[in-house]
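Peer 1: I have a structure I would like to understand better, so I am pasting it below and will then ask my questions one at a time.
There are 2 protein chains.
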Amino acid sequence: MISGAVRSYKLLSDGRRQIGAFDLPGDVFGLESGATHRLAAEAIIDTTVRLVKRRSLEHAAGSDVNVARRLWAITAGELRHAEDHMLLLGRKTAMERVATFLMEMDRRLTVAGMMALPMCRRDIGDYLGLTLETVSRALSQLHAQGVLGFSGARQIQLRNRNRLRNMESCE
Amino acid sequence: MISGAVRSYKLLSDGRRQIGAFDLPGDVFGLESGATHRLAAEAIIDTTVRLVKRRSLEHAAGSDVNVARRLWAITAGELRHAEDHMLLLGRKTAMERVATFLMEMDRRLTVAGMMALPMCRRDIGDYLGLTLETVSRALSQLHAQGVLGFSGARQIQLRNRNRLRNMESCE
DNA sequence: CGCCGGATTGATCAGTTTCAAGGCATGTGG
DNA sequence: CCACATGCCTTGAAACTGATCAATCCGGCG
Chain U
1 MISGAVRSYK LLSDGRRQIG AFDLPGDVFG LESGATHRLA AEAIIDTTVR
51 LVKRRSLEHA AGSDVNVARR LWAITAGELR HAEDHMLLLG RKTAMERVAT
101 FLMEMDRRLT VAGMMALPMC RRDIGDYLGL TLETVSRALS QLHAQGVLGF
151 SGARQIQLRN RNRLRNMESC E
Chain L
172 MISGAVRSYK LLSDGRRQIG AFDLPGDVFG LESGATHRLA AEAIIDTTVR
222 LVKRRSLEHA AGSDVNVARR LWAITAGELR HAEDHMLLLG RKTAMERVAT
272 FLMEMDRRLT VAGMMALPMC RRDIGDYLGL TLETVSRALS QLHAQGVLGF
322 SGARQIQLRN RNRLRNMESC E
């Protein structure tokens, strides 16, 4: 992916949604070993992606061991993320989830001390297995504690990363 | 894996546990593309596994394209399972989780109409992001409804798979 | 027979969701 | 330039689901 932001998700028949990952510039997504699509993907904001045909990938993987290794490594990286995320969804509290989310996004998209979130509160909730209200309340609480500052709802500055790291409840 | 049953899990520092997968005979587990271990794995019952050295795998993958493809496919299969499980953990109700669990185990270990669960209620809870009490209550309720029968707490016979499939709340 | 770990069941509690109201920014048309 | 509509976000109160705490129960085994 070149620029923008994408959400990859699954839906239940009644509309409940679980976002499995947010894809940001530099990420590879939609990669598949088998035949069928696993997750739906949508751009959240204006997005530019680089398309690679399955055919040409298979060809390259078949002829070059390093390409094959690289493809495997990408899938393994996604699996690692999914395993971390299962721990979050199954066992963390709402505040721990939001803290973990902020640390992840800080790592991936903070520039010059500011983090510009491309997604709305509902998307964050569907990523963390929470409602948008619970996400909003957690962010408000962190703001009240001085852990973060806002410049508009989606422009966030982390003021106390240590505090946040403690709230994450890591392995 | 030859025989037995294994649980693969992650722990939080305070002991909360999330089981990412149960591995049963025929499954490959512990496969890794990078260097480090991602999940801890423990046998639940007496278990026999076939060990393969990382070194020899890497060698085989480097020289044989089909082996490389197969390794990638195994990791991709684990990713697919993790994505389904994130949907369960993030968005399904307790009863839907238990129903999904029963359908999965039915597929993987029912023989002659009986399913012999190798894991205790706590393990099931830690797999489904629930407490052991909630799992027990859901199973009791299904028993009362005639959806399943017990012969001892871990010997289960599914009597109404259609009903169970409806409770699963699939995609 | 009596012990022991695992399982069930009951009562209460707490965290998150749900429902509802209102606020704030952005954009559009008069 | 202002009035107003719209989408997103915040906040409050009530309701609910699943967690916690606690008491048995059951089955296998020494």
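Those sequence lines, one after another, are chains U and L.
Under this note's numbering, the first sequence has 170 at position 170, and the numbering climbs by one with no breaks.
If you count the second sequence from 1, you need to add 171 to reach this note's numbering.
Note that the Cβ used here is the ideal one computed from N, Cα and C, for glycine as well.
Tell me, please, whether the CB atom of M290/L is closer than 9 Å to any CB atom in chain U?
Peer 2: On the second sequence, residue 290/L is found 119 positions in, with the first residue counted as 1. No, no contact with chain U.
Peer 1: Starting from the C-beta of T219/L, find all residues in its chain whose C-beta is less than 7 Å away, skip the five residues before and the five after it, and write them out in chain order.
Peer 2: Taking the second sequence and counting its residues from 1, one reaches residue 219/L at position 48. Around T219/L: I173, S174, G175.
Peer 1: For H256/L and chain U, any beta-carbon pair shorter than 9 Å?
Peer 2: Within the second sequence, the letter at position 85 stands for residue 256/L. Yes, contact with chain U.
Peer 1: Hey, would you say M285/L sits closer than 9 Å to I327/L, going by beta carbons?
Peer 2: Within the second sequence, residue 285/L is the residue found at index 114, counting from 1. Within the second sequence, residue 327/L is the residue found at index 156, counting from 1. Closer than 9 Å, so yes.
Peer 1: Would you kindly check if the distance between the Cβ of L210/L and the Cβ of E179/L is under 9 Å?
Peer 2: Numbered from 1 along the second sequence, position 8 holds the residue referred to as residue 179/L. Numbered from 1 along the second sequence, position 39 holds the residue referred to as residue 210/L. First, the amino acid is wrong: residue 179/L is Ser here, not Glu. Yes, the Cβ-Cβ distance between S179/L and L210/L is below 9 Å.
Peer 1: Are any of the Cβ atoms in chain U nearer than 9 Å to that of S307/L?
Peer 2: Taking the first residue of the second sequence as position 1, residue 307/L is located at position 136. For S307/L, the answer is no, since every Cβ of chain U falls outside 9 Å of its Cβ.
Peer 1: Per the contact definition of three or more C-beta pairs closer than 8 Å, is the region 179 to 196 of chain L in contact with the region 117 to 126 of chain U?
Peer 2: no
Peer 1: Return the CA-CA distance between S13/U and K224/L, expressed in angstroms with no decimal places.
Peer 2: Indexing the first sequence from 1 puts residue 13/U at position 13. Indexing the second sequence from 1 puts residue 224/L at position 53. Computed Cα separation, rounded: 43 Å.
Peer 1: CA-CA distance, A239/L and L71/U?
Peer 2: Walking along the second sequence from the start, residue 239/L turns up at place 68. Walking along the first sequence from the start, residue 71/U turns up at place 71. Computed Cα separation, rounded: 10 Å.
Peer 1: What does E171/U touch in chain L if you count any residue whose Cβ is under 8 Å from its own?
Peer 2: Within the first sequence, numbered from 1, the residue matching residue 171/U stands at position 171. Result: K181, L182, L183, S184.
Peer 1: When the Cα atoms are used, what is the spatial distance from G375/L to G146/U?
Peer 2: Outside the shown range of chain L (172 to 342) lies residue 375/L, about which nothing can therefore be said.
Peer 1: List the residues that DSSP assigns as beta-bridge partners of Q18/U.
Peer 2: Counted from its first residue, the first sequence places residue 18/U at position 18. The partner list for Q18/U (beta bridge, DSSP) reads K10/U.
Peer 1: Short of 8 Å Cβ to Cβ, which residues in the region 28 to 42 of chain U face chain L?
Peer 2: Cβ contacts with chain L: E32, S33, G34, R38, L39.
Peer 1: For the beta strand (DSSP E) that contains G149/U, what are its first and last residues?
Peer 2: Taking the first residue of the first sequence as 1, we reach residue 149/U at position 149. Taken as a continuous stretch (DSSP letters only), the beta strand (DSSP E) holding G149/U covers 148 to 150.
Peer 1: What's the gap between the Cα of L57/U and the Cα of L329/L?
Peer 2: Position 57 of the first sequence, counting from 1, holds the residue named residue 57/U. Position 158 of the second sequence, counting from 1, holds the residue named residue 329/L. In a straight line, the C-alpha of L57/U is about 44 Å away from that of L329/L.
Peer 1: Please tell me whether A99/U and L142/U are closer than 9 Å, where the distance is taken between their beta carbons.
Peer 2: Counting from 1 along the first sequence, the entry for residue 99/U is found at position 99. Counting from 1 along the first sequence, the entry for residue 142/U is found at position 142. For A99/U and L142/U, yes; Cβs fall inside 9 Å.
Peer 1: Short of 7 Å Cβ to Cβ, which residues in the region 73 to 103 of chain U face chain L?
Peer 2: For the region 73 to 103 of chain U, the beta-carbon criterion of a distance under 7 Å to any beta-carbon of chain L is satisfied by A73, T75, A76, E78, L79, R80, A82, E83, H85, M86, L87, L89, G90, R91.
Peer 1: Less than 9 Å between the beta carbons of G90/U and G300/L, yes or no?
Peer 2: Locating residue 90/U in the first sequence gives position 90, where the first residue counts as 1. Locating residue 300/L in the second sequence gives position 129, where the first residue counts as 1. Result yes, Cβ atoms of G90/U and G300/L sit closer than 9 Å.
Peer 1: Residues of the region 187 to 199 of chain L with a CB closer than 8 Å to any CB of chain U: list them in chain order, please.
Peer 2: Flagged, chain order: R187, R188, Q189, G191.
Peer 1: Do the CB positions of M276/L and M86/U come within less than 9 Å of each other?
Peer 2: In the second sequence, counting from the first residue as 1, residue 276/L sits at position 105. In the first sequence, counting from the first residue as 1, residue 86/U sits at position 86. Not a contact, by the Cβ cut-off of 9 Å.
Peer 1: Return helix, strand or coil for I2/U, following the three-state DSSP convention.
Peer 2: Counting from 1 along the first sequence, the entry for residue 2/U is found at position 2. Three-state result, I2/U: coil.
Peer 1: Name the DSSP bridge partner or partners of D277/L?
Peer 2: Taking the second sequence and counting its residues from 1, the one referred to as residue 277/L is at position 106. D277/L pairs with nothing; no bridge assigned.
Peer 1: From the beta carbon of V236/L, is the nearest beta carbon of chain U less than 9 Å away?
Peer 2: Numbered from its first residue, the second sequence carries residue 236/L at position 65. Yes, contact with chain U.
Peer 1: Just checking: is the beta-carbon of A68/U within a distance shorter than 9 Å of some beta-carbon in chain L?
Peer 2: For the purposes of this step, residue 68/U is taken as residue 68 along the first sequence, with counting starting at 1. Output row for A68/U: interface = yes.
Peer 1: Could you pull out every unbroken alpha helix (DSSP H) segment of at least 4 residues lying fully inside the region 217 to 248 of chain L, listed in chain order?
Peer 2: Within the region 217 to 248 of chain L, the complete alpha helix (DSSP H) runs of at least 4 residues are 225 to 234.
Peer 1: State the start and end residues of the unbroken alpha helix (DSSP H) segment that holds M338/L.
Peer 2: On the second sequence, position 167 is the one that residue 338/L refers to. From DSSP, the alpha helix (DSSP H) with M338/L extends over 332 to 339.
Peer 1: Which term fits I190/L, buried or exposed, when burial requires 16 or more other beta carbons within 10 angstroms of its beta carbon?
Peer 2: As a working mapping, residue 190/L is identified with position 19 in the second sequence. By the 10 Å Cβ count, I190/L comes out buried.
Peer 1: Could you pull out every residue in the same chain whose Cβ sits closer than 7 Å to the Cβ of L117/U, ignoring the five residues on either side in sequence?
Peer 2: Indexing the first sequence from 1 puts residue 117/U at position 117. Closer than 7 Å at Cβ, skipping near neighbours: M105, R154, I156.
Peer 1: Would you say G149/U reaches chain L, if we count a Cβ-Cβ gap shorter than 9 Å as a contact?
Peer 2: Numbered from its first residue, the first sequence carries residue 149/U at position 149. No, because no Cβ of chain L sits closer than 9 Å to the Cβ of G149/U.
Peer 1: Based on Cα-Cα distance, which residue from R278/L, A283/L, L303/L lies nearest to M290/L?
Peer 2: The residue given as residue 290/L occupies position 119 in the second sequence. Cα-wise, what sits closest to M290/L is L303/L.
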